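Down below is the structure, laid out as structure tokens.
In the working numbering, the protein residues as written are 324 to 479.
What follows is the structure in structure tokens.
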């Protein structure tokens, strides 16, 4: 069951980013070069799978992300007025709300980690950083697909 639930969560994040982009008319300013964003996303992905065997390098990757996206701003329009926010803050906030949702679903027993089988305990705060990194990876895929979509001709 956990594998299916994880897949659902990952797909939900991708869907959220795509829908938010469309509904909030998202614009990105000072995005880093695609090659750097892709490389850091690959490092995030590799670290997700290898951190049990080779060591957890998430904080080094996070430090690189801070340097890479320090100037990047997201402009969005929730109602009738444009608002802006540092993209790093958006990554942190989205990761936080996913982590919060994870705590809610584990509290109600929809999903449990091994340490929660006998009694509920809060999901480790380290998962917050994992979710934020996953958001960065998914965001990079979305940016890449949006870039491709602009350059592809679709006949009417």
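Every residue, glycine too, gets a C-beta built ideally from N, C-alpha and C.
These numbers come from a predicted model, not from an experiment.
Quick check on DSSP: helix, strand or coil for residue 399?
strand
Since residue 456 and residue 385 are thought to touch, with beta carbons under 8 Å apart, how far apart are those beta carbons, to the nearest angstrom?
7 Å
Going by DSSP in three states, residue 450 sits in which element: helix, strand or coil?
helix
Sheet register partners of residue 352 (DSSP bridge):
Looking at the DSSP assignment, residue 352 forms a beta bridge with 396.
Check each candidate in 400, 407, 421 and 372 and name the one with the smallest Cα separation from residue 335.
421
Go ahead and label residue 381 buried or exposed: buried means 16 or more other beta carbons lie within 10 angstroms of its beta carbon, across all protein chains shown.
buried
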